[in-house]
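Sequence lines, in order, name chains G, Z and H. First residue of the first sequence: 1, per the UniProt record's numbering; consecutive thereafter. First residue of the second sequence: 1, per the UniProt record's numbering; consecutive thereafter. First residue of the third sequence: 1, per the UniProt record's numbering; consecutive thereafter.
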Amino acid sequence: MDLCDREKNTNVRISLPAVCFVWQIAMIILFGVFIRYNEESSPFWIEHRKANNISSDIENDFYFRYPSFQDVHVMIFVGFGFLMTFLKRYSFGGVGFNFLIAAFGLQWALLMQGWFHSLDYSDGKIKIGVENLINADFCVAGCLIAYGAVLGKVSPVQLMVLTLFGITLFAVEEYIILNLIHARDAGGSMVIHTFGGYYGLSISWMLYRPNLSQSNRLQGSVYHSDVFAMIGTLFLWMFWPSFNSAITDHGDGQHRAAINTYLALASTVLTTVAISSLFQKHGKLDMVHIQNSTLAGGVAVGTAAEFMLMPYGSLIVGFCCGIISTLGYIYITPFMEKHLKIQDTCGIHNLHAMPGVIGGVVGAITAAAASEAVYGHEGLINTFDFEDAFKNMTPTRQGGHQAAGLCVAICFGVGGGIIVGCILRLPIWGDPADDNCFDDEPYWEWACEHIPSGKMTIMSHPVWLTPAPILT
Amino acid sequence: MDLCDREKNTNVRISLPAVCFVWQIAMIILFGVFIRYNEESSPFWIEHRKANNISSDIENDFYFRYPSFQDVHVMIFVGFGFLMTFLKRYSFGGVGFNFLIAAFGLQWALLMQGWFHSLDYSDGKIKIGVENLINADFCVAGCLIAYGAVLGKVSPVQLMVLTLFGITLFAVEEYIILNLIHARDAGGSMVIHTFGGYYGLSISWMLYRPNLSQSNRLQGSVYHSDVFAMIGTLFLWMFWPSFNSAITDHGDGQHRAAINTYLALASTVLTTVAISSLFQKHGKLDMVHIQNSTLAGGVAVGTAAEFMLMPYGSLIVGFCCGIISTLGYIYITPFMEKHLKIQDTCGIHNLHAMPGVIGGVVGAITAAAASEAVYGHEGLINTFDFEDAFKNMTPTRQGGHQAAGLCVAICFGVGGGIIVGCILRLPIWGDPADDNCFDDEPYWEWACEHIPSGKMTIMSHPVWLTPAPILT
Amino acid sequence: MDLCDREKNTNVRISLPAVCFVWQIAMIILFGVFIRYNEESSPFWIEHRKANNISSDIENDFYFRYPSFQDVHVMIFVGFGFLMTFLKRYSFGGVGFNFLIAAFGLQWALLMQGWFHSLDYSDGKIKIGVENLINADFCVAGCLIAYGAVLGKVSPVQLMVLTLFGITLFAVEEYIILNLIHARDAGGSMVIHTFGGYYGLSISWMLYRPNLSQSNRLQGSVYHSDVFAMIGTLFLWMFWPSFNSAITDHGDGQHRAAINTYLALASTVLTTVAISSLFQKHGKLDMVHIQNSTLAGGVAVGTAAEFMLMPYGSLIVGFCCGIISTLGYIYITPFMEKHLKIQDTCGIHNLHAMPGVIGGVVGAITAAAASEAVYGHEGLINTFDFEDAFKNMTPTRQGGHQAAGLCVAICFGVGGGIIVGCILRLPIWGDPADDNCFDDEPYWEWACEHIPSGKMTIMSHPVWLTPAPILT
């Protein structure tokens with residue numbers, strides 16, 4: 001009997017190359033029509049510098065933001081990618097599809113965000129520089145979060161569709177929240193994490209698989225896949241201060257955002273460990289919590305990182321998030337799967353959605369509590385951007401705007417996810433059968449035909465069919 | 001028979017959460033009372049900038065030090081963490097407990113170091129910025145070094161205690177060496193590595209386990225755990241130039257420290273390979289040496305990295321350390337275990353303690369040999385900080401002070417280690433029995449109950465009980 | 001029968017330590033005679049700064065280039081190193097020998113490149129700073145590329161010889177291309193990738209092993225070795241913008257090079273996935289393509305990254321390279337092995353040689369098409385360095401010079417590779433027998449003697465002798 005006999009057709013040989021080619025060619029054409037270098041990345045920079053009395057090349061925005069950009073880039077590709085290698089037989093899909101959709105998403109994000117934020121009305125071109133690259137990576141993060149909820153249950157073509165719509169929704173939502181509502185969201189607690197979390201959860205709800213327990217045998221980790229996942233966890237954890245400070249104001253804004261994030265994350269680790277140990281028999285730690293909940297503090301401090309949250313405020317935010325996120329893994333994820341029909345492979349509800357909402361609330365409170373005594377006159381205007389059309393904003397009103405922004409993020413996430421989920425339910429995308437979920441076999445080339453069949457039974461089953469606690 | 005029957009109680013379900021919660025709450029309170037942003041990370045930066053005629057935000061210390069900070073951060077969490085994943089069944093504990101104690105330690109370090117170095121006497125607050133974050137990471141490094149000696153033999157609660165006292169001792173020792181004695185130690189050869197090394201060795205001596213050979217079967221690596229450890233090695237090796245230059249003077253100080261460290265490390269690799277090959281049958285290389293001894297040059301060049309060590313001087317330091325460190329693994333570690341009752345899991349004596357002492361000596365010699373001919377008049381004052389109370393220092397006297405600093409580091413390491421070791425011998429910490437050492441089982445949740453018992457014997461034993469040379 | 005009985009002597013116990021010691025001592029002497037700090041890394045920087053009216057330490061070249069340097073450093077050691085861990089039993093050799101030859105190579109490169117580019121004629125010394133460190137890492141990259149072709153088939157001593165000659169040839173070739181011919185090659189498409197690729201292929205041709213298929217069983221990956229290789233892939237991919245911008249002009253030059261590379265790489269991922277899926281039965285993806293071909297865009301955009309390639313131009317270059325490189329793995333590598341007697345373990349022809357040539361051609365075209373309308377008057381001079389002896393260059397002529405540079409790189413690669421290949425065929429280097437290829441056993445210490453022989457047969461063979469599809 002052929003091992004590869006499956007009940008559903010997972011052949012993406014036509015659809016995947018077609019989607020990749022068509023979309024990449026579309027990108028080339030749209031970039032050709034719309035995208036140009038901005039004045040800091042074009043050769044006219046020298047003349048621009050002299051004309052504006054800028055004394056040195058070091059004041060090019062590149063030097064303010066490039067180190068942070070590279071850290072964010074690592075978070076997107078290694079951080080998210082390796083965090084998703086924890087499944088015993090889906091490591092290729094975790095890191096590989098993450099790579100694919102991030103590479104596509106950032107191109108589309110440059111266009112979408114460019115139209116909203118970087119369009120030069122004099123010539124109708126989008127002018128890009130390093131800050132656009134960071135924002136494109138941020139935009140992609142929203143979709144990668146959503147991928148976490150459906151990890152192992154969708155085809156790469158579905159992921160491309162999820163990303164195309166996700167980026168589009170993101171750019172619109174971001175424009176509404178940041179520009180129309182004038183909320184501040186440096187680290188994207190609302191714009192990235194809340195949106196991405198609810199977007200993914202809604203999609204997963206639409207794609208509910210009632211009989212998924214059949215392939216439960218693959219929905220776990222082995223020893224070394226958990227160590228691989230720790231690579232992702234640590235790079236996310238370490239570089240989160242760069243994430244939250246990457247696009248904040250030059251000078252004290254970036255400085256303060258990095259400090260606040262550093263502190264919140266440290267605090268989260270301790271409470272995650274505490275709760276993980278407290279709720280297990282014999283006080284043992286659970287790798288799932290260590291891999292995920294330790295990051296919740298970085299999410300929750302995103303909005304307020306650039307504000308005067310104060311060092312102890314950051315610790316408190318991290319403290320609460322470690323507890324809530326870990327309890328989420330213990331109680332809420334099983335509850336959602338059983339009663340709400342939401343299957344959340346990576347637990348993004350605990351790592352992104354809930355901490356994102358907390359981050360939005362913390363941001364609203366911190367903004368409402370701002371005063372000239374704490375920020376200074378210029379500092380207040382500068383931090384909250386009380387300029388131009390928003391010259392008459394007050395901190396209290398700003399707090400209200402922050403809260404409104406949070407609502408928009410949730411609505412876009414839930415609404416967008418339901419619509420996109422409907423599209424993804426069409427039977428044309430080559431998604432795997434329940435039996436094939438969490439398995440690299442349908443989409444990745446194996447050299448499995450060389451295995452002597454006798455040894456196959458003896459060797460391979462105990463290794464990957466059981467949770468395999470002690471393997472190498 | 002229950003596989004989990006053990007002679008000693010390793011249940012930390014009460015103690016670990018209790019310690020985490022109590023200490024984290026204490027941190028929040030102390031941060032609330034003491035810690036504030038400094039003028040470069042507060043919104044008053046704009047006004048400060050204008051008042052001090054600083055022309056651009058790029059002169060905020062953030063831009064001088066943040067890239068180095070992030071590199072150091074990677075060394076602490078991925079470098080140290082993955083270096084300790086080499087044991088076949090203790091990878092979770094290696095990277096996970098490293099994560100836990102580093103996240104706790106850096107908070108306590110901000111306070112302890114803050115009281116000594118960053119206290120603003122006008123309002124009694126500690127004012128923090130990016131340099132404090134780097135120093136907190138440095139401080140944590142001392143404790144992670146100590147963890148290397150006791151890896152696999154202690155409970156997480158013991159590690160928290162080790163860290164609490166380690167950070168405290170570090171801050172005092174550092175204040176004495178840098179401020180009272182006025183020794184220079186940019187890369188922490190003395191302050192971090194010598195102290196941390198002897199602190200860990202003394203603790204390990206106090207916790208000597210005469211019957212540990214019983215669990216020898218687990219005190220080794222498997223193929224892929226050695227590859228994981230190489231991740232740690234390489235990130236430490238690559239980012240060591242950032243470590244040694246992170247807090248040196250702006251401009252030439254950081255520049256020179258990075259160059260010297262880069263060169264010393266390159267040289268160490270060659271002599272490590274040479275000695276490793278020379279002392280093995282058939283000239284084969286030993287992964288333990290490649291993972292550890294290649295880093296010794298970075299340790300030894302720490303103190304002198306900012307001085308005019310000269311490029312060839314750096315190569316010579318690296319040359320010697322590669323030889324000494326590798327010979328240490330071959331001869332001294334077994335000797336210490338057999339005759340001195342010091343069990344040193346990671347060989348920190350060869351990687352940190354000895355190279356640290358060499359670094360202190362090299363620093364003393366280089367300082368004593370300094371002259372205005374080599375440094376220039378301003379350069380000499382600037383590099384050695386011959387200002388204020390130390391206006392009349394001469395290079396020769398500075399050399400003496402360096403040597404005195406080294407002695408203080410050794411004393412604090414040995415003395416502190418013995419005291420803390422005594423505390424850790426109390427039978428209340430949930431440490432593992434000899435049989436349970438180097439095993440993740442006591443402290444990490446396994447899904448082991450699902451393994452069909454028959455297959456367990458067949459499958460798992462050869463895989464992890466033997467050194468498993470050829471697995472995947 | 002002894003498992004370690006081999007037909008060829010792979011004992012390097014004398015030769016490897018001898019080479020390491022002799023060469024390292026030679027480095028120390030040569031560094032002592034020739035290498036000094038430059039004015040930005042010496043303590044005279046303070047006086048230099050004041051004399052030159054440089055307002056701040058931040059204008060030290062260190063702050064322009066150090067973040068990029070560290071990214072490049074990661075690419076060299078983790079990127080190249082882990083990319084070569086994909087073989088099931090040669091991960092130690094992949095990452096370990098990469099480490100060894102890079103650490104040696106960068107010292108020799110500092111000297112060789114220093115003589116050509118950084119010699120201070122006033123005192124006959126080479127003055128080094130951070131840019132020299134980057135260039136040394138670049139120079140090493142050429143040799144690591146060559147290592148990819150012979151991976152698993154040579155001894156460490158042979159690799160040291162390959163590196164010594166490779167660095168020497170590189171420095172001469174680079175001097176001819178950049179200084180005499182005055183071609184521009186910021187990211188080294190020609191100087192690094194074309195040269196390194198053909199150098200490695202020629203050596204592999206000279207070292208052709210007609211009976212190598214005997215050890216084919218080891219020339220493949222296992223599940224987790226492929227995941228390890230993805231660490232290498234991703235760090236190369238993410239940091240490639242830093243590679244191509246590391247030594248370009250301050251300001252817009254670095255900014256533009258980073259943007260172009262970022263875009264080219266994103267585009268490559270999509271076409272690689274498309275072709276990989278299109279050419280496999282059932283549309284499955286092949287890990288070899290994902291690990292390697294996704295990087296081709298970064299290679300091909302190297303020369304033109306600092307030019308006005310335009311964002312869409314970068315996408316087009318990446319688009320083509322993803323296709324060509326993946327097709328290369330499918331058709332050209334097997335063809336070369338069968339008909340041209342070139343065995344290319346990592347497929348460097350597809351990842352470096354072909355994309356490098358494309359990059360040279362793209363660079364020539366982009367340079368020839370340059371105009372003042374696009375670059376501005378000052379921008380054109382600045383970007384192409386039309387100064388001093390080359391004051392009268394025109395873009396068209398520059399295009400010709402670029403093409404000439406490409407030819408020089410190919411000639412040096414092929415010619416140098418043949419000569420060095422001849423040297424490496426001498427029967428004195430301890431290279432492995434065909435049976436021992438792709439096996440860490442000859443050069444790395446195993447604890448294999450402890451395995452109960454009965455279990456050896458049962459356990460280990462299916463695990464590493466078969467392609468082991470489902471292990472952990």
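Don't be surprised by glycine CBs; every beta carbon is placed ideally from N, CA and C.
Three-state secondary structure (DSSP) at Asp120(Z)?
strand
Could you check if Pro334(Z) is buried or exposed, using at least 16 other CB atoms within 10 Å of its CB as the buried criterion?
Exposed: under 16 other Cβ atoms inside 10 Å.
Euclidean distance between Cα positions of Pro17(H) and Ile332(H):
39 Å
Starting from the C-beta of Val361(Z), find all residues in its chain whose C-beta is less than 8 Å away, skip the five residues before and the five after it, and write them out in chain order.
The beta carbon of Val361(Z) sits closer than 8 Å to the beta carbons of Ala403 and Leu406 from its chain, once the five residues preceding and following it are set aside; these are given in chain order.
Arg13(G): contacting residues in chain H (beta-carbon distance under 7 Å):
Here the neighbours are Ser277, Leu278, His282 and Gly283.
N- and C-terminal bounds of the alpha helix (DSSP H) containing Ile316(G)
Pro311 to Leu327
Is it a yes or a no for the region 12 to 28 of chain H touching the region 279 to 286 of chain Z, going by three-plus beta-carbon pairs under 8 Å?
yes
Below 8 Å on the Cβ atoms is my contact criterion, and I expect Asp252(H) with Trp45(G) to pass it. Report the Cβ-Cβ distance as a whole number of Å.
4 Å
Only counting the same chain, and skipping five residues up and downstream in sequence, which positions put a Cβ closer than 7 Å to that of Cys422(G)?
Met206, listed in sequence order.
Taking Ala370(H) as the reference, give the member of Ile358(H), Ala409(H), Tyr262(H) and Ala304(H) with the closest Cα.
It is Ala304(H).
Only counting the same chain, and skipping five residues up and downstream in sequence, which positions put a Cβ closer than 6 Å to that of Phe279(Z)?
Ile330
Determine the extent of the alpha helix (DSSP H) in which Ile397(G) is found, giving its start and end residues.
The sequence shown places Arg at residue 397(G), not Ile. Arg397(G) -> alpha helix (DSSP H) spans Pro395 to Leu424.
At a Cβ threshold of 8 Å, is Phe86(Z) touching chain G?
no
Tell me which residues share the same chain as Gly416(Z) and place their Cβ nearer than 6 Å to its Cβ, disregarding the 5 neighbours each side in the sequence.
Leu169 and Tyr199
CA-CA distance, Ser202(H) and Arg425(H)?
13 Å
Val140(H) classed as buried or exposed, judged by whether at least 16 other C-beta atoms fall within 10 angstroms
buried
May I ask you to list, following chain order, the residues of the region 374 to 397 of chain G that have a beta carbon less than 8 Å from some beta carbon of chain Z?
Val374, Tyr375, Gly376, Glu378, Gly379, Leu380, Asn382 and Thr383
Helix, strand or coil at Met127(G) [DSSP, three-state]
Note that residue 127(G) corresponds to Lys in the displayed sequence, not to Met. If DSSP states are grouped into helix, strand and coil, Lys127(G) belongs with the strands.
Of all the CB atoms in chain H, is at least one closer than 8 Å to the CB of Thr271(Z)?
yes
DSSP state of Trp45(Z) mapped onto helix, strand, coil
helix
Quick one: is Thr396(Z) buried, meaning 16 or more other Cβ sit within 10 Å of its Cβ, or exposed?
exposed
Report the three-state DSSP secondary structure of Arg36(G) (helix, strand or coil).
strand
For Trp444(H), name the three-state secondary structure that DSSP assigns.
strand
Mind checking if Ile418(Z) is an interface residue toward chain G, Cβ cutoff 8 Å exclusive?
no
If we ignore side chains and look at the alpha-carbon of each, how far apart do Ala171(H) and Ile342(G) end up?
60 Å
Strictly below 9 Å CB to CB, what residues from chain G border Asn60(Z)?
His250, Gly251, Asp252, Gln254 and His255
Would you call Asn9(H) buried or exposed, if buried means 16 or more other Cβ atoms sit within 10 Å of its Cβ?
Around the beta carbon of Asn9(H), fewer than 16 other beta carbons lie within 10 angstroms, which makes this residue exposed.
If you drop the 5 nearest sequence neighbours on each side, which residues of the same chain put their C-beta closer than 6 Å to that of Pro442(H)?
Thr10, Pro432 and Asn436
Tell me the rounded alpha-carbon separation between Asp57(Z) and Phe243(Z).
Each residue's CA atom was taken as its position, placing Asp57(Z) and Phe243(Z) some 24 Å apart.
At 7 Å on the CB atoms, spell out the chain G contacts of Ala103(Z), in chain order.
Ala266, Val269 and Leu270
Could you pull out every residue in the same chain whose Cβ sits closer than 8 Å to the Cβ of Tyr208(G), ignoring the five residues on either side in sequence?
Excluding residues within five positions, the ones whose Cβ falls inside 8 Å are Lys341, Ile342 and Gln343.
May I have the straight-line CA-CA distance separating Leu106(G) from Asn52(Z), to the nearest angstrom?
41 Å
Can you grab the Cα-Cα spacing for the pair Asp61(G) / Ile247(G), in whole Å?
Near 11 Å, if we compare the C-alpha coordinates of Ile247(G) and Asp61(G).
Mapping DSSP to helix, strand and coil, what is Leu151(Z)?
Here Leu151(Z) sits in coil by DSSP.
Can you tell me which of the three DSSP states Leu159(Z) falls into?
Helix, per DSSP.
So, with DSSP's three-state summary, where would you put Pro17(H)?
helix
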